[in-house]
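To convert, note that position 231 of the sequence shown is 231 in UniProt numbering; the numbers rise steadily by one, no gaps. In what follows, a single structure is set out as structure tokens and then discussed.
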Amino acid sequence: MVPLKSLLSFSSRLIPALKRQTHVIYIKRTFLLSRLFKNADGRFTTFGRRSSSTMAKAEKEEDAFLKWFLLLIPATTFGLGTWQVKRRQWKMELINELTRLTTAEPVPLPIDPNELKELEYRRVRVRGRYDHSKELYVLPRSPVDPEKEAREAGRLSSSGETGANVITPFYCTDLGITILVNRGYVPRQKIRPETRQKGQVEDEMEVVGVVQLTEVRKPFVPNNDVERNRWHFRDLEAMSGATGAEPIFIDADFSSTIPGGPIGGQTRVTLRNEHMQYIITWYGLCAATSYMWYAKFIKKMKL
């Protein structure tokens with residue numbers, strides 16, 4: 001967003017520049033009018049003093065045009081500021097809704113695809129066993145600070161460390177299906193399973209996590225390399241084909257972390273909310289240009 005100071009500086013130069021340009025057009029036109037005038041017998045003569053009233057009328061018309069044309073600037077910036085107010089209200093409602101979903105009590109995982117689409121970011125509960133032989137790795141990833149995630153909406157750790165999220169097939173004994181679970185983050189040196197054997201538990205357990213839907217590859221994000229098991233975005237159909245699991249995906253929460261294994265709670269619920277900056281900028285520009293318009297056209301008329 002362009003800084004408010006720069007916009008105000010630009011607007012302060014805009015009206016004088018347009019006024020000077022209007023004077024140039026006016027001078028060119030009135031100069032021609034003053035040079036020639038066609039009289040009754042069809043011959044051109046000099047205009048002389050008879051052009052003074054015409055010149056005054058033309059100047060008045062041009063001032064009126066400039067006056068109402070420049071009024072568009074504060075009117076437009078006011079409209080943009082009001083639009084940003086509504087956008088901010090919508091964004092705040094969306095953030096509150098996502099926070100409510102990710103902190104609500106977990107519900108049993110449904111297997112109906114239509115129900116799953118309505119449960120994105122909803123906490124669910126499943127019971128079963130991991131199949132560690134078919135792990136997938138989504139990388140590079142930075143760790144989410146699990147303790148601050150709820151109140152800071154996905155703040156990244158300041159260490160700059162990168163690694164991978166470990167996606168593991170999970171057989172749900174209560175549902176009789178295999179789903180995909182993002183167990184959490186591991187640093188780069190712990191990506192290989194043999195480096196974290198303590199966390200490769202095969203016992204039956206309960207996992208609480210957040211439902212996630214498939215992702216569309218964003219610009220500049222590499223394609224997934226299925227053969228090398230290097231995944232860069234969440235393609236549930238491809239992941240399902242590689243593991244034999246259903247295209248159902250949950251992010252395990254921090255409470256489901258197994259000691260020595262990946263760190264759960266890696267759900268990032270981050271939405272950019274910079275609308276207040278835009279509101280201040282547009283309304284500030286509206287106020288500045290409105291005052292300049294008033295000083296140029298209204299205050300001058302009173303004098």
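Cβ coordinates follow ideal geometry from the N, Cα and C atoms, glycine included.
Per DSSP, the bridge partner or partners of residue i
{"i": "Leu180", "result": "Pro169, Phe249"}
{"i": "Ala287", "result": "In DSSP, Ala287 forms no bridge with anything."}
{"i": "Ala164", "result": "Val186"}
{"i": "Tyr137", "result": "Val166"}
Beta-carbon separation (whole angstroms), residue i vs residue j, contact threshold 8 Å
{"i": "Thr214", "j": "Asp235", "result": "6 Å"}
{"i": "Val138", "j": "His232", "result": "7 Å"}
{"i": "Ala252", "j": "Asn182", "result": "6 Å"}
{"i": "Val124", "j": "Leu109", "result": "4 Å"}
{"i": "Thr173", "j": "Glu204", "result": "6 Å"}
{"i": "Phe249", "j": "Gln277", "result": "The Cβ separation is near 35 Å, so there is no contact."}
{"i": "Thr162", "j": "Arg196", "result": "Wrong, their Cβ atoms sit about 17 Å apart, outside the cutoff."}
{"i": "Val107", "j": "Arg87", "result": "With 8 Å as the limit, Val107 and Arg87 do not qualify as a contact, their Cβ atoms being about 32 Å apart."}
{"i": "Ala238", "j": "Asn229", "result": "Not really, about 11 Å apart at Cβ, beyond 8 Å."}
{"i": "Val269", "j": "Leu98", "result": "5 Å"}
{"i": "Gly79", "j": "Gly184", "result": "Not confirmed; about 46 Å, so no contact."}
Per-residue burial, residue i [other beta carbons within 10 Å of its own, 16 or more giving buried]
{"i": "Glu135", "result": "buried"}
{"i": "Cys286", "result": "buried"}
{"i": "Pro262", "result": "buried"}
{"i": "Tyr294", "result": "exposed"}
{"i": "Thr281", "result": "buried"}
{"i": "Ser255", "result": "exposed"}
{"i": "His23", "result": "Residue placement at His23 is flagged as unreliable, the pLDDT there being 48, under the threshold of 50; the coordinate-derived value follows with that caveat. The residue is exposed, with fewer than 16 neighbouring Cβ atoms inside 10 Å."}
{"i": "Ala288", "result": "buried"}
{"i": "Arg141", "result": "buried"}
{"i": "Pro113", "result": "exposed"}
{"i": "residue 319", "result": "One cannot answer for residue 319 here, as it falls past the ends of the chain, which runs 1 to 303."}
{"i": "Pro143", "result": "buried"}
{"i": "Gly209", "result": "buried"}
{"i": "Leu72", "result": "exposed"}
{"i": "Thr103", "result": "exposed"}
Same chain only: Cβ atoms within 6 Å of residue i, ignoring 5 sequence neighbours per side
{"i": "Phe297", "result": "Lys67"}
{"i": "Phe170", "result": "Gly128, Tyr130, Ile179, Val181"}
{"i": "Ile258", "result": "Gly199, Val201"}
{"i": "Ser290", "result": "Pro74"}
{"i": "Arg217", "result": "Phe233"}
{"i": "Lys299", "result": "none"}
{"i": "Leu119", "result": "Val211"}
{"i": "Val126", "result": "Leu109, Cys172, Val207"}
{"i": "Lys190", "result": "Arg196"}
{"i": "Thr77", "result": "Trp282, Leu285, Cys286"}
{"i": "Ala150", "result": "Residue confidence for Ala150 is low, a pLDDT of 43 falling below 50, so the modelled location carries little weight; the figure read from the coordinates is stated next. No residues qualify anywhere along the chain."}
Neighbourhood of residue i by C-beta distance below 7 Å, restricted to the same chain and skipping five residues each side
{"i": "Pro193", "result": "His132, Glu135, Gln200"}
{"i": "Glu93", "result": "none"}
{"i": "Val226", "result": "Ala238, Ala242"}
{"i": "Gly260", "result": "Arg196, Lys198, Gly199"}
{"i": "Val186", "result": "Gly163, Ala164, Val166, Arg196, Pro262"}
{"i": "Ile111", "result": "Leu175, Ile177"}
Cβ-based neighbour list, residue i, same chain, cut-off 8 Å, excluding 5 preceding and 5 following
{"i": "Gly244", "result": "Lys134, Pro169, Thr178"}
{"i": "Ile279", "result": "Gly81, Gln84, Val85, Arg88"}
{"i": "Glu105", "result": "Arg123"}
{"i": "Ser240", "result": "Leu180, Glu246, Pro247"}
{"i": "Lys117", "result": "Leu213"}
### Query
Which ranges does the alpha helix (DSSP H) cover as unbroken runs of at least 4 residues, wholly within the region 192-279, from first to last along the chain?
236-243
### Query
What beta strand (DSSP E) runs, 3 residues minimum, are completely inside the region 57-134?
123-130
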